[in-house]
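Colleague: Numbering (the working numbering), first residue to last: 844 to 991.
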(Lines of atoms letter the chains of each structure in order from A and count residues from 1; the text may use other names and numbers.)
(Lines give C-alpha, C1' and ligand atoms only; values in the text may rest on other atoms or scores of the structure.)
Protein backbone atom coordinates (compact mmCIF):
# COMPACT_ATOMS: atom_id res chain seq x y z
CA UNK A 1 0.00 0.00 0.00
CA UNK A 2 1.17 3.49 -0.87
CA UNK A 3 -0.37 6.56 0.73
CA UNK A 4 0.46 10.04 -0.54
CA UNK A 5 -0.72 13.39 -1.85
CA UNK A 6 -1.52 13.85 -5.54
CA UNK A 7 1.30 16.40 -5.88
CA UNK A 8 3.77 13.50 -5.36
CA UNK A 9 2.25 11.16 -7.97
CA UNK A 10 5.28 11.22 -10.27
CA UNK A 11 7.28 9.20 -7.74
CA UNK A 12 5.13 6.14 -8.48
CA UNK A 13 4.73 6.17 -12.27
CA UNK A 14 7.41 3.53 -12.86
CA UNK A 15 5.44 0.90 -10.91
CA UNK A 16 2.89 0.34 -13.68
CA UNK A 17 2.32 2.18 -16.97
CA UNK A 18 -1.38 2.49 -16.16
CA UNK A 19 -0.69 4.75 -13.19
CA UNK A 20 0.02 7.70 -15.54
CA UNK A 21 -3.36 7.16 -17.22
CA UNK A 22 -5.07 6.91 -13.84
CA UNK A 23 -3.48 10.02 -12.38
CA UNK A 24 -4.21 11.98 -15.59
CA UNK A 25 -7.88 11.03 -15.24
CA UNK A 26 -7.94 12.02 -11.57
CA UNK A 27 -6.59 15.47 -12.46
CA UNK A 28 -9.17 15.80 -15.27
CA UNK A 29 -11.94 14.75 -12.89
CA UNK A 30 -10.93 17.42 -10.40
CA UNK A 31 -10.66 20.18 -13.04
CA UNK A 32 -13.90 19.31 -14.83
CA UNK A 33 -15.94 18.09 -11.83
CA UNK A 34 -16.91 14.94 -13.72
CA UNK A 35 -20.17 13.28 -12.69
CA UNK A 36 -20.59 9.95 -10.94
CA UNK A 37 -20.14 6.99 -13.26
CA UNK A 38 -17.73 4.61 -14.95
CA UNK A 39 -15.11 5.84 -17.42
CA UNK A 40 -13.16 3.48 -19.69
CA UNK A 41 -9.69 4.97 -20.04
CA UNK A 42 -7.52 2.43 -21.82
CA UNK A 43 -9.60 -0.40 -23.22
CA UNK A 44 -9.78 -3.08 -20.55
CA UNK A 45 -6.44 -2.22 -18.90
CA UNK A 46 -7.54 0.93 -17.05
CA UNK A 47 -10.96 2.22 -16.04
CA UNK A 48 -12.23 4.62 -13.40
CA UNK A 49 -15.34 5.01 -11.31
CA UNK A 50 -16.34 8.40 -9.87
CA UNK A 51 -18.29 7.80 -6.67
CA UNK A 52 -20.25 9.89 -4.18
CA UNK A 53 -21.44 8.43 -0.88
CA UNK A 54 -21.50 9.02 2.86
CA UNK A 55 -18.68 7.40 4.83
CA UNK A 56 -19.94 4.38 6.75
CA UNK A 57 -19.50 2.23 9.84
CA UNK A 58 -19.76 -1.20 8.16
CA UNK A 59 -18.40 -2.77 5.03
CA UNK A 60 -16.56 -5.77 3.66
CA UNK A 61 -12.82 -6.34 3.48
CA UNK A 62 -11.88 -7.00 -0.12
CA UNK A 63 -8.90 -8.04 -2.16
CA UNK A 64 -8.09 -8.12 -5.85
CA UNK A 65 -5.90 -10.36 -7.98
CA UNK A 66 -5.78 -8.81 -11.46
CA UNK A 67 -6.07 -5.07 -10.80
CA UNK A 68 -4.30 -2.42 -8.75
CA UNK A 69 -6.44 0.33 -7.21
CA UNK A 70 -5.82 4.03 -6.97
CA UNK A 71 -8.36 5.46 -4.54
CA UNK A 72 -8.30 9.27 -4.55
CA UNK A 73 -10.39 11.52 -2.32
CA UNK A 74 -11.79 14.51 -4.24
CA UNK A 75 -13.74 15.86 -1.26
CA UNK A 76 -14.58 14.74 2.25
CA UNK A 77 -12.64 12.34 4.44
CA UNK A 78 -12.76 8.61 4.95
CA UNK A 79 -10.77 5.81 6.52
CA UNK A 80 -9.44 2.87 4.55
CA UNK A 81 -8.79 -0.10 6.79
CA UNK A 82 -5.85 -2.27 5.67
CA UNK A 83 -4.36 -5.66 6.44
CA UNK A 84 -1.88 -7.91 4.63
CA UNK A 85 -3.45 -10.78 2.71
CA UNK A 86 -1.54 -13.44 4.67
CA UNK A 87 -2.89 -11.99 7.94
CA UNK A 88 -6.52 -12.11 6.72
CA UNK A 89 -9.05 -14.93 6.55
CA UNK A 90 -10.68 -15.63 3.19
CA UNK A 91 -14.48 -15.70 3.52
CA UNK A 92 -15.60 -16.05 -0.14
CA UNK A 93 -14.63 -17.63 -3.42
CA UNK A 94 -12.76 -15.48 -5.92
CA UNK A 95 -15.08 -13.77 -8.42
CA UNK A 96 -12.97 -13.53 -11.61
CA UNK A 97 -15.52 -11.36 -13.44
CA UNK A 98 -15.44 -8.70 -10.70
CA UNK A 99 -11.83 -9.42 -9.62
CA UNK A 100 -12.80 -9.57 -5.98
CA UNK A 101 -12.78 -11.87 -3.00
CA UNK A 102 -13.78 -11.06 0.55
CA UNK A 103 -11.96 -11.46 3.83
CA UNK A 104 -12.19 -11.10 7.57
CA UNK A 105 -9.42 -8.97 9.04
CA UNK A 106 -8.71 -8.48 12.74
CA UNK A 107 -7.03 -5.32 14.09
CA UNK A 108 -6.55 -3.55 10.74
CA UNK A 109 -4.47 -0.44 10.23
CA UNK A 110 -6.88 2.52 9.93
CA UNK A 111 -5.65 5.04 7.37
CA UNK A 112 -7.50 8.38 7.22
CA UNK A 113 -7.58 9.97 3.76
CA UNK A 114 -8.65 13.54 3.08
CA UNK A 115 -9.17 15.54 -0.10
CA UNK A 116 -6.06 15.54 -2.27
CA UNK A 117 -4.74 12.23 -0.94
CA UNK A 118 -4.63 8.82 -2.57
CA UNK A 119 -3.81 5.24 -1.78
CA UNK A 120 -2.44 2.68 -4.23
CA UNK A 121 -3.50 -0.85 -3.31
CA UNK A 122 -1.82 -4.02 -4.58
CA UNK A 123 -3.06 -7.65 -4.59
CA UNK A 124 -1.53 -8.29 -1.16
CA UNK A 125 -3.47 -5.33 0.31
CA UNK A 126 -6.77 -6.39 1.86
CA UNK A 127 -8.81 -3.25 2.39
CA UNK A 128 -12.14 -1.88 3.56
CA UNK A 129 -12.68 1.56 2.02
CA UNK A 130 -15.27 4.22 2.74
CA UNK A 131 -15.26 3.98 6.52
CA UNK A 132 -16.08 7.01 8.67
CA UNK A 133 -13.37 8.78 10.64
CA UNK A 134 -15.36 10.39 13.46
CA UNK A 135 -18.76 10.91 11.89
CA UNK A 136 -20.34 10.03 8.59
CA UNK A 137 -19.63 12.72 5.96
CA UNK A 138 -20.21 13.06 2.21
CA UNK A 139 -17.27 11.77 0.16
CA UNK A 140 -16.46 12.16 -3.53
CA UNK A 141 -13.86 9.64 -4.65
CA UNK A 142 -12.21 8.49 -7.86
CA UNK A 143 -11.44 4.78 -7.97
CA UNK A 144 -9.06 3.79 -10.77
CA UNK A 145 -8.59 0.09 -11.61
CA UNK A 146 -5.34 -0.79 -13.42
CA UNK A 147 -4.57 -4.21 -14.85
CA UNK A 148 -1.30 -5.35 -13.28
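Ideal Cβ placement from N, Cα and C applies to all residues, glycine included. Keep in mind the model is a prediction, meaning the values are calculated, not measured.
1) Could you spell out where the beta strand (DSSP E) holding residue 916 opens and where it closes?
2) Based on Cα-Cα distance, which residue from 871, 904 and 965 lies nearest to residue 994?
3) Could you check how far apart the C-beta atoms of residue 908 and residue 882 are, in whole angstroms? I think they sit under 8 Å.
4) Ends of the beta strand (DSSP E) at residue 905?
5) Kindly identify the DSSP beta-bridge partner or partners of residue 964.
6) So, do the segment 967-983 and the segment 848-861 have three or more beta carbon pairs nearer to each other than 8 Å?
7) How long is the line joining the alpha carbons of residue 919 and residue 898, rounded to whole angstroms?
8) Would you decide whether residue 817 is buried or exposed? Buried here means 16 or more other CB atoms lie within 10 Å of its CB.
9) Contact between the segment 951-961 and the segment 885-894: three or more CB pairs below 8 Å?
10) With distances taken from CA atoms, which of 869, 914, 888 and 979 is nearest residue 923?
11) Roughly how many angstroms lie between the CA atoms of residue 887 and residue 847, to the nearest whole one?
12) Less than 8 Å between C-beta atoms, sequence neighbours within five positions excluded: which residues of the same chain meet that for residue 976?
13) When DSSP builds the beta bridges, which residues end up paired with residue 945?
Modeller: On the basis of the supplied data:
1) Counting from 1 along the chain shown, the entry for residue 916 is found at position 73. Residue 916 -> beta strand (DSSP E) spans 910-918.
2) Residue 994 cannot be examined here, being either before or after the span of the chain that is shown, 844 to 991.
3) Position 65 of the chain shown, counted from the first residue, corresponds to residue 908. Position 39 of the chain shown, counted from the first residue, corresponds to residue 882. Their Cβ separation, rounded to whole angstroms, is 22 Å, which puts residue 908 and residue 882 out of contact at 8 Å.
4) Reading the chain shown from its first residue, position 62 is the one you call residue 905. Residue 905 -> beta strand (DSSP E) spans 904-906.
5) As a first step, residue 964 must be located in the chain shown, where it is residue number 121. Its beta-bridge partners are 912.
6) no
7) Position 76 of the chain shown, counted from the first residue, corresponds to residue 919. Position 55 of the chain shown, counted from the first residue, corresponds to residue 898. C-alpha separation (whole angstroms): 9 Å.
8) The requested residue 817 is not part of the displayed model; the chain covers only 844 to 991.
9) no
10) For this step, residue 923 is matched to residue 80 along the chain shown. Looking at the Cα atoms, 914 is the closest of the given residues.
11) Indexing the chain shown from 1 puts residue 887 at position 44. Indexing the chain shown from 1 puts residue 847 at position 4. Using only the alpha carbons, I get a separation of about 26 Å.
12) Sequence index remark: in the chain shown, residue 976 carries index 133 (1-based). Once the five neighbours on either side are set aside, the close Cβ partners of residue 976 are 898, 920, 921, 922 and 955.
13) Start at 1 with the first residue of the chain shown, and residue 945 comes out as number 102. In DSSP, residue 945 forms a bridge with 905.
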